[in-house]
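Inspection log for the structure reproduced underneath, given as structure tokens.
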Amino acid sequence: MKHFLNLIDFTADELSALLTEAARLKAAQARRIPATSLSGRVVGLVFEKPSLRTRVSFESGVAQLGGTALYLPGNEVGLGWRETLADFARTVSNFVDALVLRVYKHETLDALAAHGTIPIINGLSDWSHPCQGLADVMTIQELFGTVQGKTVAFVGDGNNVARSLAVGLGRLGGRLVLACPEGYGFDDKFREQYTARVGPDFPKEVRDPRAAVRTADVIYTDVWTSMGQEAEREERLRRFAGFQVNAKLLSAAPAHCKVLHCLPAHRGEEVTDDVMDGPACAAFQQAGNRLHAQKAVLEALLK
Ligand code: CP
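Here is the structure:
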């Protein structure tokens, strides 16, 4: 394992190994067993966009493993505009042992991985959110004992989070059904990549969220307007109006169905308070699993 840029780069066995280690780390942390696997290591965190979960879980995770996390605001390091990406990558490779980055453009990560000599971890790009996807499948495994055979109805935009989750599920024997308005589904680039590298069973896309959730083990939603799409907000609110995850939609799902959300939630838009605060919601367990999943990734990259 050299970098952690997309879940599609990992086999089912590799993802399963990460999940096993994440579960071990979670149990060890619960028992306050000290860890030293990142002792003497420094992990840089570069963020071009805001974050709560990704930044804090990485900073805490590095500290819990005995390493040091160094927060580097995107507007200070100036990726690609203060100096070239190649020069940044070559320079920072001398100072830190790995970099976590949240970037506008996925190509930034590819360039840093190509020019640097340290592991690059994708903390969210416009293309994918593999740290989130790994925590998502970890949570599904915890909730149901396995990902195999489980169906996730993703009610929302076919975005970076949906792509990573679709790949994680596809690799581990689950499946994603996407319920979205026309024009907001997965694009041809993702379809080609998925069918070439995961398999022919590309996620089904439906327009009726009630049909999508009828046999779902999990209903998953995300904000309708992601960071960087603010100019589309009014149009998106209008187009996604019938795709809210609320008590009525949840009542159309099987009784055992759980609700996940990568957070932050826009309560009253894509999800209602009663669902977020109700017994089916496992979004905060899911958020907590970001910590453990990412610690497993850090160990795999830096061992
Ligand atoms: N889900 C997620 O990545 O949260 P943050 O944007 O707060 O990091």
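Counting in my numbering, the sequence shown runs from 15 upward without gaps.
Don't be surprised by glycine CBs; every beta carbon is placed ideally from N, CA and C.
Pull up the distance between the alpha-carbon of residue i and that of residue j, whole angstroms please.
i	j	result
Gly81	Arg55	5 Å
Ser178	Ala255	24 Å
Leu32	Val220	32 Å
Gly163	Ala267	16 Å
Val273	Thr68	20 Å
Phe298	Ala279	11 Å
Gly292	Val114	33 Å
Glu248	Gly172	18 Å
Thr153	Gly184	15 Å
Ala261	Ala226	15 Å
Ser53	Gln78	10 Å
Cys276	Thr122	23 Å
Ser51	Glu73	15 Å
Ala128	Ala100	8 Å
Arg189	Glu97	42 Å
Ala36	Leu126	26 Å
Thr25	Leu157	22 Å
Ala230	Thr209	23 Å
Asp222	Leu264	13 Å
Ala83	Cys271	37 Å
Glu28	Arg45	26 Å
Ala176	Asp23	16 Å
Pro64	Ala301	16 Å
Trp95	Phe18	24 Å
Val76	Asn20	21 Å
Arg228	Phe168	12 Å
What would DSSP say about residue i, mapped onto helix, strand or coil?
i	result
Cys194	coil
Ile47	coil
His143	coil
Asp200	It should be pointed out that residue 200 corresponds to Phe in this sequence rather than to Asp. Looking at Phe200 - three-state DSSP - the assignment turns out to be coil, as it is neither helix nor strand.
Glu244	helix
Ile233	strand
Glu283	coil
Phe18	strand
Phe109	coil
Ala266	coil
Phe254	coil
Thr239	coil
Ala294	coil
Residue i lies in the alpha helix (DSSP H); which residues open and close that run?
i	result
Pro214	That residue, Pro214, is in no alpha helix (DSSP H); it is neither H nor E in DSSP.
Leu93	Leu93 -> no alpha helix (DSSP H), and no H or E assigned at all.
Lys227	It is worth fixing the name first, because residue 227 is Val in this sequence and not Lys. Start and end: Pro223 to Val227.
Ala310	Ala297 to Leu316
Ala128	His120 to His129
Can you give me the start and stop residues for the beta strand (DSSP E) that residue i sits inside?
i	result
Glu219	Lys218 to Val220
Lys272	Lys272 to His275
Leu115	Ala112 to Arg116
Asn136	Ile134 to Asn136
Check the DSSP bridge columns for residue i and list the partner residues they point to.
i	result
Arg189	Thr165
Glu97	Leu93
Val259	Val285
So that I know if they touch, is there some Cβ in chain D lying closer than 8 Å to that of residue i?
i	result
Gly282	In the structure shown, chain D cannot be found, because there is only a single protein chain.
Sequence ranges, beta strand (DSSP E) only - wholly within the segment 25-90, length at least 3: Secondary structure remark: continuous beta strand (DSSP E) runs of at least 3 residues inside the segment 25-90, in chain order: 56-61 and 82-87.
Length-filtered (3 minimum) beta strand (DSSP E) runs lying within the segment 156-187: Entirely contained in the segment 156-187, the beta strand (DSSP E) runs reaching 3 residues are, in chain order, 165-169.
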